[in-house]
Every structure is written in C-alpha cells, then in structure tokens.
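Engineer: Going left to right, the sequence shown walks through residues 1 to 195 as full-length UniProt numbering numbers them.
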Amino acid sequence: METIAILAYAASGFIEARKRRLDPIGTFLVALATAFGGGTARDIMLERRPFYWVEHQEYVIVIFVASFFAPYVLRLISQVISDRALLIADAIGLGLFSVAGTSIALDAQMPAFISVLMGVTTGVFGGLIRDVLCNEVPLLLRDSRPYATCAFVGCWLYLLLNQLNVDSIYSVLIATGFILVARLVTYKFDVRLPH
Numbered sequence: 001m002e003t004i005a006i007l008a009y010a011a012s013g014f015i016e017a018r019k020r021r022l023d024p025i026g027t028f029l030v031a032l033a034t035a036f037g038g039g040t041a042r043d044i045m046l047e048r049r050p051f052y053w054v055e056h057q058e059y060v061i062v063i064f065v066a067s068f069f070a071p072y073v074l075r076l077i078s079q080v081i082s083d084r085a086l087l088i089a090d091a092i093g094l095g096l097f098s099v100a101g102t103s104i105a106l107d108a109q110m111p112a113f114i115s116v117l118m119g120v121t122t123g124v125f126g127g128l129i130r131d132v133l134c135n136e137v138p139l140l141l142r143d144s145r146p147y148a149t150c151a152f153v154g155c156w157l158y159l160l161l162n163q164l165n166v167d168s169i170y171s172v173l174i175a176t177g178f179i180l181v182a183r184l185v186t187y188k189f190d191v192r193l194p195h
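1. Which word fits T3, buried or exposed, when buried means at least 16 other C-beta atoms lie within 10 angstroms of its C-beta?
2. Pick helix, strand or coil for Y158, following the three-state DSSP scheme.
3. How far does the alpha helix (DSSP H) with P24 in it extend, from its first residue to its last?
4. Once you ignore the five residues that flank D43 on each side, which residues in its own chain have a CB closer than 6 Å to its CB?
5. I'd like to know whether the C-beta atoms of L86 and S12 end up nearer to each other than 8 Å.
6. Please list the segments of the alpha helix (DSSP H) lying wholly inside the UniProt domain "Glycine transporter" (88-162), counting only runs of 4 or more residues, in order along the chain.
7. On a CA-only basis, which of A182, L29, P194 is nearest D90? Give me that one, please.
8. Does P194 come out as helix, strand or coil in the three-state DSSP assignment?
9. Measuring CB atoms only, is the segment 150-166 touching the segment 95-104, in the sense that at least three cross pairs come out at less than 8 Å?
10. What is the DSSP secondary structure of V60, counted as helix, strand or coil?
11. Checking 8 Å against the spacing of the C-beta atoms, do C134 and R20 come in under that value?
12. Which value, in whole angstroms, describes the spacing of the CA atoms of G126 and N165?
13. Could you tell me the alpha carbon to alpha carbon distance between N162 and Y72, rounded to whole angstroms?
14. Can you name the start and end residues of the alpha helix (DSSP H) that R183 belongs to?
15. Check whether the segment 22-35 and the segment 61-69 are in contact - that is, three or more C-beta pairs closer than 8 Å.
16. Give me the Cα-Cα distance between R192 and G39, rounded to the nearest whole angstrom.
17. Using only the alpha-carbon positions, how far apart do A5 and I92 sit?
18. Shortest alpha-carbon distance to I129 belongs to which of A35, W53, I88, L117?
19. According to the Cβ coordinates, are I25 and L74 closer than 8 Å?
20. With a 10 Å radius around its C-beta and 16 neighbouring C-beta atoms as the bar for buried, classify Y59 as buried or exposed.
Here it is in structure tokens:
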C-alpha cells in the first residue's frame, strides 16, 4: 500500500515538475516533498522517528534516479499525460496516504478524531507542498471541489469498518476506493462546496 501511494504521489510531483520545466534536482525535490511531505508532517506531530523516508532510503534513491529520466519519459507520453493523469495520480495518493495515516495514528493510540485529522494531513500535505514548491496556490486552498473532505469522510469510513471488525485489508481497500472514487466523481461532475 505504501509503495503504491509513494509512487502515485511521486508521479504527480514528476508531472507537475515537468509542467514547470524544472531541472532534475528541482524535479527530485518536488517529487520527494509530494511523496513524503504528508507522512513527515504526521510523524512530526506524532513524534515518530526516524521518518519513514529515512528508514526506507531506497524510495528516496528511486525518486532521485527517476528525476533524471521523468522529463524525457513524460515528454514521450505527453499525448496521454494530461491534467487528468495528475488528477488520478493525486487521487490515488490521497486515498492511500489518508487511510495509512489514520491507521498509523490509531496504532499510536490517538483518539478517533485526531486519527482522522492525522490521516487527512498525511493525505493532503504532500500535494500542498508540491503546489507551493511549483509556485501555485495550493489546489487544496483554491478549488472548492471536495478534496480534503473526501479524505475526511473516507478516514471515518475506515474507522467505522475497523469498529465493525472488517478484515484490515478490506477496510483499507474500501476506504481508499471510496476516497479515490469520491474525488474523481466530484471532480468530473464539478461538485463544489459552498464558500
């Protein structure tokens, strides 16, 4: 689950960095911050050390190496890659990271509401950092379509499934799928929250 989430958010970082025509080091920093920003923020708040990306430096190395090739690969497949690809990669990362963050907070004996907030932070903060590094007003702050709200509801669904003693893999898949589908559907049908 973590590997898919990391790769999805790193991919959204690569896509955004390509749109900004960043050099390989800039691309690396954007992809790294996108992939690990939310989890690092959560770990700081939960006082968890060492950080996941420090313990699992293989992900950092893969993202670093991929940063040198990503612009060329993305250019070759640019007819397929669009804003929709960024949306899908971002929605996958949002779902997986939000549910994982909630699970980690629960394992740290956090209360339900705090666990959900940790999950939402894990899910949204990497994308927020990506947008700031790319000199964009963060999507989270400029778009009234549900984003963090999808994660918030999905994290509560995960908690409910846990309380009902649903097998953990199914809880993760159902809650992650809910967040992914909710984000894509609300985007496709331009559902907006009131200002």
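C-beta atoms are modelled at their ideal positions from N, C-alpha and C, and glycine is treated no differently.
Structural biologist: Taking the coordinates as given:
1. Walking along the sequence shown from the start, residue 3 turns up at place 3. Exposed, because fewer than 16 other Cβ atoms sit within 10 Å of the Cβ of T3.
2. Translated into positions along the sequence shown, residue 158 becomes position 158. The answer is helix: DSSP assigns Y158 an H, G or I state.
3. Counting from one through the sequence shown, the residue named residue 24 turns up at place 24. Start and end: 24-46.
4. As a first step, residue 43 must be located in the sequence shown, where it is residue number 43. F51.
5. By 1-based counting over the sequence shown, the position of residue 86 is 86. By 1-based counting over the sequence shown, the position of residue 12 is 12. Yes; because the gap between Cβ atoms is below 8 Å, this pair is in contact.
6. 112-133, 139-142
7. Start at 1 with the first residue of the sequence shown, and residue 90 comes out as number 90. Taking only the C-alpha atoms, the option nearest D90 is A182.
8. As a first step, residue 194 must be located in the sequence shown, where it is residue number 194. Three-state DSSP puts P194 in coil, outside helix and strand.
9. yes
10. Position 60 of the sequence shown, counting from 1, holds the residue named residue 60. If DSSP states are grouped into helix, strand and coil, V60 belongs with the helices.
11. Indexing the sequence shown from 1 puts residue 134 at position 134. Indexing the sequence shown from 1 puts residue 20 at position 20. Against a cut-off of 8 Å, the Cβ pair of R20 and C134 comes out as a contact.
12. Within the sequence shown, the letter at position 126 stands for residue 126. Within the sequence shown, the letter at position 165 stands for residue 165. Rounded to whole angstroms, G126 to N165 spans 30 Å at the Cα level.
13. Position 162 of the sequence shown, counting from 1, holds the residue named residue 162. Position 72 of the sequence shown, counting from 1, holds the residue named residue 72. Approximately 43 Å, taken between the alpha carbons.
14. Here residue 183 refers to the residue found at position 183 of the sequence shown. Run containing R183: 168-188, per the alpha helix (DSSP H) assignment.
15. yes
16. Reading the sequence shown from its first residue, position 192 is the one you call residue 192. Reading the sequence shown from its first residue, position 39 is the one you call residue 39. Each residue's alpha carbon lies about 27 Å from the other.
17. Translated into positions along the sequence shown, residue 5 becomes position 5. Translated into positions along the sequence shown, residue 92 becomes position 92. Going by the C-alpha atoms only, they are around 7 Å apart.
18. For the purposes of this step, residue 129 is taken as the residue at position 129 of the sequence shown. Nearest C-alpha to I129: A35.
19. Taking the sequence shown and counting its residues from 1, one reaches residue 25 at position 25. Taking the sequence shown and counting its residues from 1, one reaches residue 74 at position 74. Contact: no.
20. Counting from one through the sequence shown, the residue named residue 59 turns up at place 59. It counts as buried.
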